[in-house]
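Numbering (UniProt numbering), first residue to last: 1 to 763.
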Amino acid sequence: MFRFIKASSLRKVIGTGLLILILINLVLIYNSSKYKLPEVIKVTQRSPLLQNDKWIVVTTSSFREEDFAALTRIPGWKVVIVALRRDAIPTIRLNNCVYLDIAQQNQLGYKTADFIPEGSYARKNIGYLYAMFHGARVIYETDDNVRLLDGLRRFEFKTRMRGLMYAGENMFNPFRHFGQPTLWPRGYPLSAIGEEINNKYILHEFKTPLIQQGIISNDPDVDAMLKFSRKMTNAHFNATFDNRAPPVILPAGVFSPFNSKDTLFLYNALWGLMLPTTVTNSETDIWRGYWIQRLLWEIDGNLGFFPPNAIHTDSEHSTLEKTVVDEKRVYFQTEDVIKFLKQWQCPEDFIFYDCIMRLSSEMVNHDFWDYSDYDLAKSWLNDLKAAGFVLPQRRSPKPTSDMPSLFQNISNSNSDVSKDPRDPKAVYFWPSEQNPPSIYSSARESNGMSWNHVNKVVKMCSGAQVSISHSMFNEHKQYDDILLIIVFNFPHLKNIDNLQTLYSIHFSHILFCANDSRQFVAASKTLQQRVSFVKTYTVEGIVIYNCLSHAISMNYDVSGYIIMGDDVLLNTWNIADLPRDKFWFQKSLQVFNRSDSYERNRWIWWKRKSGKRAYNNLFKFLQTIPSLNPEKAPLIRDFNEMLKSNTQSDDGLLRAVSDFLYVPTRFQDRMLYFLEIFSMHGVMLELALPTVMGGLDHRKNIVPIRGVVLWYEHRLNYTTMFNPSSHFMHPLKLGREMKKKKGWHFVCSRVIPLMLHGVTKKN
C-alpha cells in the first residue's frame with residue numbers, strides 16, 4: 001500500500017538530502033587535500049532575511065547615497081557596502097542593502113578579517129565573505145566612485161555563450177579591443193606595449209567566462225605613467241571606448257590585468273576573490289588578477305572582457321612620486337610574475353585546493369607576496385568552507401593556448417571544409433577606433449566622421465573637390481547602433497577599401513564576409529584602415545546569410561543588423577528615420593507552396609538543389625524538433641503559425657529578391673536559430689531570408705523599402721536608373737565601376753555628395 005507524503009514534508013526530506021550531499025562533497029574535497037586545513041569556525045552572524053544568490057560588493061571611504069541607491073535598485077541583486085574607515089557613516093537607510101562598518105566587520109567571526117588592517121582596500125574580502133555566507137552564487141564587485149550605466153545588462157550569466165575568443169599569445173590589451181589602441185591598463189607589462197597588434201579571433205560557442213571585467217569609460221583604469229603623459233596634473237583623463245564592440249574571452253596561456261572596480265565573478269570563480277594585504281591598495285587587485293588567471297586554467301575557466309558599462313564619477317588625482325611608490329611592484333615585477341606563472345605547474349595528483357595553496361606558497365617564495373598573505377589564503381579557504389562553498393573540480397590543465405593554431409588551420413583551409421555555420425570561424429576583428437586622450441585636446445568622442453575620414457573620401461575621389469562645412473560635422477547622422485554586414489558571393493576583396501571608405505561615412509561598425517581569408521589578408525595589406533572580416537561558407541552566394549548568423553553570434557551591442565551584398569549601393573541618407581525595432585525588407589513578397597512545380601512558379605532556383613528539395617527537407621526536419629527537443633516546441637509552433645498567417649497556407653513559404661535586409665536585435669536569437677537550420681539544409685538565400693522573417697513577424701509589421709533592381713541591359717544604365725529617393729540599388733560592383741570614368745564620376749559627383757550633404761565640384 002502506498003502512503004502519500006505531504007508536500008511540506010517532502011520538501012524537508014529533499015532539503016535535508018541535498019544538505020547531506022553538499023557536506024559529503026565538502027568532506028571529500030577538503031579531506032583529500034595534501035595541505036592541512038584549520039578547524040572550521042562557527043559563524044553566527046547570518047540573517048535568513050538577507051539570503052540571495054546575487055550580491056554586489058562595494059567599498060567606501062565616504063557614504064555616496066546617490067550611487068549606492070542606484071545599485072540597490074537593480075532587480076534581483078542585494079548590496080553589501082564595506083567601510084574602509086571608521087568615519088564612513090551612512091546618511092540614509094537603503095533597501096536591499098547591508099552596511100558593514102569596521103566594528104560590524106570585526107564581529108562577523110571571519111578568520112580572514114584578522115589579517116586585514118583598517119584602511120586596507122583588502123577589507124573588501126569581508127564583503128565577499130558576507131555575500132557568500134548569505135547565499136551568493138554570483139558576485140559583482142565595484143567601488144564607490146564607479147557608476148553603472150546599464151544595470152549589469154551586458155554581463156553573461158548562462159553557462160555557455162557564443163562569441164569571440166582571442167587567438168593570440170602571451171598578453172592581451174583590452175583597451176585596444178574596445179577602440180583605444182594607444183592606451184594600456186594598469187598592470188600591463190611595459191615590455192608588451194610595443195608588441196605587434198594581433199586582431200585574430202575564433203568565433204564559436206564557449207563556456208561563459210567565470211570572471212567578466214567591464215570597461216570603465218570617462219576615466220578608465222589606465223597605466224598611471226601613461227595617464228600623466230596624456231593630461232595636465234589636475235585635469236580629467238577623459239577616454240571613450242567603442243561601446244558597441246563585442247565581448248572577448250581569453251584562452252589559457254594568455255594574460256591580461258584586470259581590476260576590482262567593475263568585475264563579475266560566477267560561482268566557480270568565487271574562491272579567487274581574495275585580495276592580498278601585503279601589497280599596496282594600487283597593487284592588490286592586479287596581483288590577485290594574475291594569480292587567479294593561472295589557477296583558472298586548472299579548472300578550464302576563463303577571463304572575459306565586456307563592453308563599457310560604467311563611468312568614474314570623479315577623477316583620482318595623484319602625484320607622480322606617490323604613483324611610483326604605490327605601484328612599484330606593478331612597474332618592476334609584472335614581467336617576473338607573468339614569466340613565473342606561465343612556467344608554473346601544479347602537480348598532477350593535487351586537488352584544486354592544493355593547487356591554490358601551492359601557488360600561494362610559491363608567490364611568497366618568489367617575493368611577490370609576503371608570508372602573511374599565505375596565511376590569509378588558508379584562512380580565506382577556511383571561511384569559504386564554513387560558508388558552504390564547494391571548490392570546483394580540477395580539470396586537465398591547459399598550460400598553453402591552442403587558439404593560434406586553430407585559427408591558422410581554419411584560415412588556411414578550403415572554403416568548403418566547414419559547411420556547418422556552428423563550427424569555429426576565423427575572425428579578424430577591429431573596433432571603431434576612438435579619439436585618443438591628449439594633453440592638448442579633449443577626448444570628446446566625435447559623431448563618427450572625422451577630418452581624417454574625409455581625407456580618405458577625397459583620396460578615393462582624387463580629381464574631384466569635395467567641399468565640406470564645419471556644420472556638416474554637427475548635423476551628420478552616424479548610425480553607430482547598426483552593424484552593416486557586407487557579403488561577397490565571390491571574393492573580390494580588393495573592393496573592401498572603397499566600400500569601407502564609402503559606408504563608414506555613416507556606419508562606425510562594418511563587418512565583411514567572404515569564403516577566402518587568404519585573399520582578405522592579401523587585400524588588407526593595402527587598406528587605408530583596419531576592418532573586421534569573417535571567413536564564412538557562402539556557396540557562391542546561396543547561403544550568404546551565414547554571415548548574418550556569425551554577426552549575431554559575435555554579440556555586438558547594436559539595435560539591429562543590415563545585411564547586403566557587396567554589389568548593393570545603399571542610399572544611406574534615406575534610412576535615418578526608419579524604425580530600429582522592425583524588419584526592413586522590400587514589399588514584393590511572393591508566396592510559394594512547398595509542393596509547387598517549377599512550371600507553376602517559373603523561378604529557376606526552385607528546381608535546383610537549393611530550392612524545392614532543400615526546403616522540403618528542411619520542412620520535414622522542423623516538424624521533428626518538438627519531439628527531439630521539447631524546449632523548442634513553442635518556438636517551432638509560433639514559427640509555423642506566423643508563417644501560415646503570412647502565406648494563408650499550411651505548406652506556404654515566402655520568396656523574394658534578398659539583396660538587402662535589416663534585422664532588429666529583438667529578433668536576433670530566433671533569427672539565428674532558424675537561419676542556422678536553413679543553412680544546414682542548403683536553402684537558397686531568396687527563400688531563407690523572407691521565409692524566416694515571415695515566420696517571426698507579421699507582414700504588416702515589416703517596413704517596406706524601395707529598391708532599384710537592375711535586370712539584364714539595365715545594369716549598364718545604372719547612372720540613369722539611379723533614384724536618390726530609393727533605399728538601395730542592385731547590382732553595382734563598386735570596385736569595377738570606380739575604375740571607369742563613368743563609374744568614378746557617378747560615385748564621386750552624385751553619391752558621395754548625398755552622403756556627405758556637401759557639394760562636389762570639378763577641379
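Using N, Cα and C, we set each Cβ at its ideal position, and we do this for glycine too. Small disclaimer: the values here were computed from a predicted structure and weren't measured.
Point to revise | residue 399 versus residue 390: straight-line alpha-carbon distance, rounded | key: Residue mapping note: residue 399 aligns to position 399 of the sequence shown, counting from 1. Residue mapping note: residue 390 aligns to position 390 of the sequence shown, counting from 1. Low local confidence applies: a pLDDT of 46 at residue 399 is under 50, so the model's placement there is unreliable, with the coordinate-based value given in what follows. Taking the straight line joining both Cα atoms gives about 24 angstroms.
N-terminal and C-terminal residue of the beta strand (DSSP E) that residue 661 is part of: Numbered from 1 along the sequence shown, position 661 holds the residue referred to as residue 661. Residues 660-664.
Can you tell me where the alpha helix (DSSP H) with residue 520 in it begins and where it stops?
What you label residue 520 is simply residue 520 of the sequence shown in a count that begins at 1. Counted as a single uninterrupted DSSP element, the alpha helix (DSSP H) harbouring residue 520 occupies residues 517-524.
On a CA-only basis, which of 505, 87, 73 and 84 is nearest residue 96? Give me that one, please. Here residue 96 refers to the residue found at position 96 when the sequence shown is read from its first residue. Answer by Cα proximity: 73.
Quiz item: From the DSSP output, which residues share a beta bridge with residue 170?
Solution: Sequence index remark: in the sequence shown, residue 170 carries index 170 (1-based). According to DSSP, which records beta bridges pairwise, residue 170 is partnered with 254.
Excluding the 5 residues flanking residue 129 on each side, which residues of the same chain have their C-beta closer than 7 angstroms to its C-beta? Numbered from 1 along the sequence shown, position 129 holds the residue referred to as residue 129. Answer for residue 129: 110, 112, 383 and 387, listed in chain order.
Just verifying my parser: in three-state terms, what is the DSSP assignment at residue 14?
Locating residue 14 in the sequence shown gives position 14, where the first residue counts as 1. For residue 14, the predicted model reports a pLDDT of 44, less than 50, meaning its position is unreliable; a value from the coordinates is still stated below. In this structure, residue 14 counts as helix in the three-state DSSP scheme.
- CB contact below 8 angstroms: residue 356 versus chain D: The structure shown contains no chain D; it is built from a single protein chain.
| said: With a threshold of 8 angstroms, are at least 3 pairs of Cβ atoms found where one atom belongs to the segment 634-653 and the other to the segment 688-706? | reply: yes
State the start and end residues of the unbroken beta strand (DSSP E) segment that holds residue 705. Walking along the sequence shown from the start, residue 705 turns up at place 705. Segment 703-705, the beta strand (DSSP E) holding residue 705.
Note to self: Restricting to Cα atoms, I'd like to know which of 155, 171 and 180 is closest to residue 139.
What the structure shows: Taking the first residue of the sequence shown as position 1, residue 139 is located at position 139. Of 155, 171 and 180, the residue nearest in Cα terms is 155.
inquiry  = Do residue 404 and residue 169 have their beta-carbon atoms positioned less than 8 angstroms apart in this structure?
reply    = To locate residue 169, count along the sequence shown from 1; it is residue 169. To locate residue 404, count along the sequence shown from 1; it is residue 404. Yes, these two residues count as a Cβ contact at 8 angstroms.
What are the start and end residues of each continuous alpha helix (DSSP H) run of 4 or more residues lying completely inside the segment 37-120, in chain order?
-> 65-72 and 102-107
Query - Member of 146, 207, 208 and 271 whose CA lies at the smallest distance from the CA of residue 312 - result: Residue numbering aside, residue 312 sits at position 312 when the sequence shown is read from its first letter. Nearest of 146, 207, 208 and 271 to residue 312, Cα basis: 146.
Original post:
From 101, 264 and 721, pick the residue whose C-alpha is nearest to that of residue 729; which is it?
Top reply: What you label residue 729 is simply residue 729 of the sequence shown in a count that begins at 1. Closest by alpha carbon: 721.
Pull up the distance between the alpha-carbon of residue 497 and that of residue 739, whole angstroms please.
-> For the purposes of this step, residue 497 is taken as the residue at position 497 of the sequence shown. For the purposes of this step, residue 739 is taken as the residue at position 739 of the sequence shown. Straight-line measurement puts the Cα of residue 739 at about 13 angstroms from the Cα of residue 497.
| task | Return the CA-CA distance between residue 696 and residue 636, expressed in angstroms with no decimal places. | result | Here the question's residue 696 lines up with position 696 in the sequence shown. Here the question's residue 636 lines up with position 636 in the sequence shown. Whole-angstrom Cα-Cα distance: 10 angstroms.
> Three or more beta-carbon pairs under 8 angstroms between the segment 249-264 and the segment 520-527, yes or no?
Replying inline: no
Next item on the list: Please state if the CB of residue 148 and the CB of residue 268 are separated by a distance shorter than 8 angstroms.
Entry: Numbered from its first residue, the sequence shown carries residue 268 at position 268. Numbered from its first residue, the sequence shown carries residue 148 at position 148. Against a cut-off of 8 angstroms, the Cβ pair of residue 148 and residue 268 comes out as no contact.
TODO: Leaving out five residues on either side along the sequence, give the residues of the same chain with a beta carbon under 6 angstroms from the beta carbon of residue 263.
DONE: Here residue 263 corresponds to residue number 263 of the sequence shown, with the count starting at 1. Answer for residue 263: 141 and 213, listed in chain order.
*Quick one: grab the DSSP three-state call for residue 540.*
Numbered from its first residue, the sequence shown carries residue 540 at position 540. Coil.
| So, residue 509 versus residue 478, is the Cβ gap smaller than 8 angstroms? | Position 509 of the sequence shown, counting from 1, holds the residue named residue 509. Position 478 of the sequence shown, counting from 1, holds the residue named residue 478. Residue 478 sits away from residue 509, with the two beta carbons spaced by 8 angstroms or more.
* Asked: Under the three-state reduction of DSSP, which class applies to residue 609: helix, strand or coil?
  -> As a position in the sequence shown, residue 609 is number 609, starting the count at 1. Correct three-state label for residue 609: helix.
Margin query: Using DSSP's beta-bridge definition, name the partner residues of residue 327.
Written below: The residue labelled residue 327 in the question sits at position 327 within the sequence shown. Looking at the DSSP assignment, residue 327 forms no beta bridge with any residue, so it has no partner.
Nearest neighbour of residue 542, chosen from 152, 614 and 216 [CA to CA] = Counting from 1 along the sequence shown, the entry for residue 542 is found at position 542. Taking only the C-alpha atoms, the option nearest residue 542 is 614.
Could you name the residues of the same chain whose beta carbon sits closer than 7 angstroms to that of residue 177, not counting the 5 residues immediately before and after it, in chain order? Counted from its first residue, the sequence shown places residue 177 at position 177. Answer for residue 177: 245, 248, 305 and 431, listed in chain order.
Among the candidates 587, 200 and 121, whose CA atom is the shortest distance from the CA of residue 283? Taking the sequence shown and counting its residues from 1, the one referred to as residue 283 is at position 283. If we check each option's Cα against that of residue 283, 121 comes out closest.
Problem - Bridge partners - residue 217, DSSP secondary structure assignment - result: By one-based count along the sequence shown, residue 217 stands at place 217. Answer is 311.
ask   = Short check: CB of residue 534 to CB of residue 511, under 8 angstroms?
value = Counting from one through the sequence shown, the residue named residue 534 turns up at place 534. Counting from one through the sequence shown, the residue named residue 511 turns up at place 511. Cβ distance < 8 angstroms, so residue 534 and residue 511 count as in contact.
(request) Kindly indicate which three-state DSSP category residue 745 falls into: helix, strand or coil? (result) To locate residue 745, count along the sequence shown from 1; it is residue 745. DSSP places residue 745 in helix when its eight states are reduced to three.
- Task: Give every residue of the same chain whose Cβ lies closer than 6 angstroms to the Cβ of residue 704, excluding the five residues on either side of it in the sequence, and list them in chain order.
- Result: Indexing the sequence shown from 1 puts residue 704 at position 704. Cβ within range, chain order: 587.
Note to self: Rounded to the nearest angstrom, what separates residue 314 and residue 271 at their Cα positions?
What the structure shows: For this step, residue 314 is matched to residue 314 along the sequence shown. For this step, residue 271 is matched to residue 271 along the sequence shown. Distance between the alpha carbons of residue 314 and residue 271 is about 31 angstroms.
Rounded C-alpha distance that separates residue 577 from residue 551: As a first step, residue 577 must be located in the sequence shown, where it is residue number 577. As a first step, residue 551 must be located in the sequence shown, where it is residue number 551. Between residue 577 and residue 551, the C-alpha separation is close to 23 angstroms.
query: For residue 337, which of helix, strand or coil comes out of DSSP?
result: In the sequence shown, residue 337 corresponds to position 337, counting from 1. Helix.
Span separating the alpha-carbon of residue 339 from that of residue 302:
Your numbering for residue 339 matches position 339 in the sequence shown. Your numbering for residue 302 matches position 302 in the sequence shown. Distance between the alpha carbons of residue 339 and residue 302: 19 angstroms.
Original post:
In terms of DSSP beta bridges, what is residue 133 paired with?
Top reply: The count along the sequence shown starts at 1 and reaches residue 133 at position 133. Residue 133 pairs with nothing; no bridge assigned.
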